[in-house]
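Enquirer:
Residue numbers (full-length UniProt numbering): 1 to 234.
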């Protein structure tokens, strides 16, 4: 699990941390890798007055505006906001993924549901649920359009992709409500809020099943003969 922050630069660095670790694990799995590329564009916002006379924003769906033209496609492809799949999504048979959207609650397809890849087609993927109340059920997942609002971006990014991410590593906030036999906590920087380390540690049944890797920074690491981590509440 990776600690989370709210600043764009730090969030992108954190995103890169766990995206890279997930990719490393995927490379260790046997079998061929199937890669899916997203379609990205910028949704322009226009300011209109609502019924109360206050300004509000509405999204256009064309993506063909002067604002959209300010951002090269390569730049859009390089972005991976926390609630989005990557532009380049690589999967293998048996790889574990996490769903990023509520698709069908009655079929167990809810946000943060974990699945194991069964078959990869050109326009859909088949996976088996490994969390929730319908463990073992096989489901088909299509590509969908995702455009989560992000106050740290000066525009709205729309990405058409399968709404999943590799799930060998996840952010602490995404781990809430889940249990694991063993937990490895990677802290490249201090956790943002009080209690996050407790949330991560409590995902395991026993403290002896938790391992923590603390990277040396100016705010955490080995100091005066002990490892120091900030923002811990026990």
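We treat Cβ as the ideally placed atom computed from N, Cα and C, and that holds for glycine.
Measuring only the C-alpha atoms, how far is residue 28 from residue 148?
Expert: 32 Å
Enquirer: Count Cβ pairs between the region 73 to 88 and the region 28 to 39 that sit closer than 8 Å; are there 3 or more?
Expert: In short, these stretches touch, since the Cβ pair count reaches three.
Enquirer: Just how far apart, CA to CA, sit residue 100 and residue 127?
Expert: 14 Å
Enquirer: Does the count of Cβ pairs from the region 136 to 145 and the region 160 to 173 closer than 8 Å reach three?
Expert: yes
Enquirer: Along the chain, where does the alpha helix (DSSP H) that runs through residue 75 open and close?
Expert: 73 to 78
Enquirer: May I ask which residues mark the beginning and end of the beta strand (DSSP E) holding residue 243?
Expert: A question about residue 243 goes unanswered here, because the residues of the chain that appear run from 1 up to 234.
Enquirer: Could you tell me whether the Cβ atoms of residue 93 and residue 115 are closer together than 8 Å?
Expert: Taking a C-beta distance under 8 Å as the contact criterion, residue 93 and residue 115 do not qualify as a contact pair.
Enquirer: Among the candidates 20, 19, 159 and 210, whose CA atom is the shortest distance from the CA of residue 180?
Expert: 210
Enquirer: Quick one: what does DSSP say residue 93 is sitting in, helix, strand or coil?
Expert: coil
Enquirer: Give the range of the beta strand (DSSP E) segment to which residue 120 is assigned.
Expert: For residue 120, the uninterrupted beta strand (DSSP E) segment begins and ends at 114 to 120.
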